Amino acid sequence: MEEKKNWSEFLLNYALYFILGIMIICVIIADPSFLSLNNFLKILAQASTRGILALGVAGMIVLAGTDLSAGRVLGCGAAISASLLQSVTYASRMYKGITEPLPLWVPLILSIVVCVAFCLVNGFGVAKLHMHAFIISLGTQLIAYGILCLYIDSQEGGAQPLASLDPRYIDLVNGRHILGIPNLVWFFLICAIVMWVIWNKTTLGKNMFAIGGNTEAAAVSGVNVAKNIMLVYLVAGVLYGIAAFLEAARIQSVTTSTGLNYDLDAISGCVIGGVSFNGGIGTIPGVIIGVIILQVINYSLYYLGVNAYLQFVIKGLIIILAVAIDVRKYIAKK
Amino acid sequence: MEEKERELLTEEALLERQRALEQKEEELKKKESVLQKAEEKIAKTKHGIYDRIDVSVGTMDKIIFVLGTLLVIAVFAGIFLK
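Just so you know, the protein sequences line up as chains E and R, in that order.
Numbers in our numbering are just positions in the first sequence, counted from 1, shifted up by 41.
Quick note on numbering: our numbering labels position 72 of the second sequence as 57, and the sequence is numbered without any gaps.
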């Protein structure tokens, strides 16, 4: 009886992974060519920028918050990166005054600065004004979208895509210089390692989990709650800026719809990876696995020609199921 | 006479000590009450969104089963019914 109970607990806690595993097996059976190294590298490359975004969003979810503005903020950063790194020989480039290619680090820094600014607004609202993260990020999402549209529309020829990027920029991100793996994946790996160190080996990481687990207890224990929340948002802003810089080169054409729904993918990846919306629980490997699983699902559904509208239904069900399992674990523990 | 004076001094010193101890006791009581209030606040505060959920594990199991079934049906429908 005890053994049966343990088995059923195990099955329920990992139900989502079993279902997704079965789904992927069905995809492989339906089309064996899905299982190729090239496909896997494509999936990893697509998962990389969303993964970096998810690393930032995960910190906010651990704080028992969220960030709905991540996608649009990424769009703003991508627009700045792309506009400053358009090929100098492209006649319809945004900044015709730039006649010499800029150093690649300049747009990267600007992208980070812009994304950090948006995140600090969110952080201020949450830390100092005690607004709910959902509401403040909903507001900044719309503000970021408006600024993105105004920026792209400010071009001489109107709101045209920011394309024809500098070949150095494209090669830096999309090139495969090490072991034949896209450079994008290596950047994701570096960000993941840095975040793992921050989460597990620094005071900020410990305080983040303490605040997410129980804000009152953290405050009574001497943790500066407001300062640590602002720092988490600052780190997220840096990650958004890096993701924006990389994404612009990956897609090679930034428009007003760049970044649309990226935040939902990032949040979904975190939830699938075991980051709890209740706060105080989450791991970096979990976030990485969650993002990759989500990307595998996206890719496999597209690969099999599943109706685009049904894909939304499936993704929504996955997210709700992941949260339901998280709630069940919490109630069972209580 | 000297013994009486010594006795008085000793009594005075004792009274002084008693007053000091009573003062310390008062301070300790205040600190204890502050800590107690903080503990009560921590215990009572619904600090997580899941604290507001009032369903049993059994109900959650049924919900998970239904969601899982819907997901599997949706996936199979998408793959095999085109």
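No residue lacks a Cβ here, since even glycine has one placed at the ideal position from N, Cα and C.
Note that this is a predicted model, so its numbers are computed, not measured.
Asked: Does E/I361 come within less than 7 Å of chain R when only Cβ atoms are used?; Found: yes
Asked: Can you give the Cα-Cα distance for E/F318 and E/L57, rounded to whole angstroms?; Found: 17 Å
Asked: Which of the three DSSP states, helix, strand or coil, is assigned to E/L293?; Found: Going by the sequence as given, residue 293 of chain E is Gln instead of Leu. Coil at E/Q293, not helix or strand.
Asked: What residues in its chain sit with their C-beta under 8 Å from that of E/L213, if we drop five residues either side in the sequence?; Found: L145, N224 and A290
Asked: Could you give the residue range of the alpha helix (DSSP H) that holds E/I102?; Found: L78 to V103
Asked: Just to confirm the assignment: which complete alpha helix (DSSP H) runs, minimum length 4, are found wholly within the stretch 245 to 305 of chain E?; Found: 256 to 261 and 266 to 292
Asked: Scan the stretch 151 to 213 of chain E and note each continuous alpha helix (DSSP H) run of 4 residues or more that stays entirely inside, going in chain order.; Found: 174 to 194
Asked: Leaving aside the five residues before and after E/I330 along the sequence, list all residues of the same chain whose C-beta is less than 7 Å from its C-beta, in chain order.; Found: G314
Asked: To be precise: take each residue of the stretch 250 to 261 of chain E, compare its Cβ to all Cβ atoms of chain R, and keep it if any distance is under 7 Å. Which residues remain?; Found: N255, T256, E257, A258 and V261
Asked: Comparing C-alpha positions only, which one of E/I359, E/K169, E/V238 and E/W240 sits nearest to E/K268?; Found: E/K169
Asked: Taking 7 Å as the cut-off, decide whether the C-beta atoms of E/A365 and R/I49 are in contact.; Found: yes
Asked: When you compare the CB positions of E/L104 and E/G278, do they come within less than 7 Å of one another, or not?; Found: no
Asked: Measure the alpha-carbon distance for E/L115 versus R/E10 and round it to whole angstroms.; Found: 59 Å
Asked: Does the beta carbon of R/I48 sit closer than 7 Å to a beta carbon anywhere in chain E?; Found: yes
Asked: State the Cα-Cα distance for the pair E/D72 and E/E288, rounded to the nearest angstrom.; Found: 29 Å
Asked: How big is the Cα-Cα spacing for E/R113 and E/F159?; Found: 10 Å
Asked: For E/I222, which residues does DSSP report across the bridge?; Found: E/I219
Asked: Give the interface partners of R/A59 over in chain E, defined as CB-CB distance under 7 Å, in chain order.; Found: L351, V354, I355 and L358
Asked: Can you confirm whether R/G63, when its beta carbon is compared against all beta carbons of chain E, has any partner nearer than 7 Å?; Found: yes
Asked: Given that a residue counts as buried once 16 or more other Cβ atoms are within 10 Å of its Cβ, and exposed if not, what is R/F61?; Found: exposed
Asked: If I measure Cβ to Cβ from E/S205 and keep anything under 6 Å in the same chain, skipping five residues before and after, which residues do I get?; Found: Q127, S128 and Y131
Asked: Is E/I66 buried or exposed, if buried means 16 or more other CB atoms sit within 10 Å of its CB?; Found: exposed
Asked: Quick check: what's the CA-CA separation for R/D39 versus E/A373?; Found: 12 Å
Asked: Give me the Cα-Cα distance between E/V147 and E/A307, rounded to the nearest whole angstrom.; Found: 26 Å
Asked: How far does the alpha helix (DSSP H) with R/V60 in it reach, from first residue to last?; Found: V42 to F65
Asked: Just tell me which of E/H171, E/V354, E/N255 and E/D207 has its CA closest to the CA of R/L52.; Found: E/V354
Asked: Could you tell me the alpha carbon to alpha carbon distance between E/K370 and E/Y55, rounded to whole angstroms?; Found: 10 Å
Asked: Alpha carbons only, please: which of E/A285, E/F228 and E/A99 is nearest the one belonging to E/V332?; Found: E/A99
Asked: What is the rounded straight-line gap between the Cα of E/I322 and the Cα of E/N255?; Found: 11 Å
Asked: Mind listing the chain R neighbours of E/I366? Cutoff is C-beta to C-beta under 7 Å, in chain order.; Found: I49
Asked: Which chain E residues sit within Cβ distance under 7 Å of R/L52?; Found: L358, I361, L362 and A365
Asked: Could you tell me if E/N241 is buried or exposed, where buried requires 16 or more neighbouring beta carbons within 10 angstroms of its beta carbon?; Found: exposed
Asked: For E/L143, I'd like the list of residues in its chain whose CB is within less than 7 Å of its CB, leaving aside the five on either flank, ordered along the chain.; Found: L125 and L126
Asked: Which chain R residues sit within Cβ distance under 7 Å of E/M64?; Found: V60
Asked: Tell me which same chain residues have a C-beta within less than 6 Å of the C-beta of E/A260, skipping the five on either side of it?; Found: V266
Asked: Is the shortest distance between the beta-carbon of R/L55 and the beta-carbons of chain E less than 7 Å?; Found: yes
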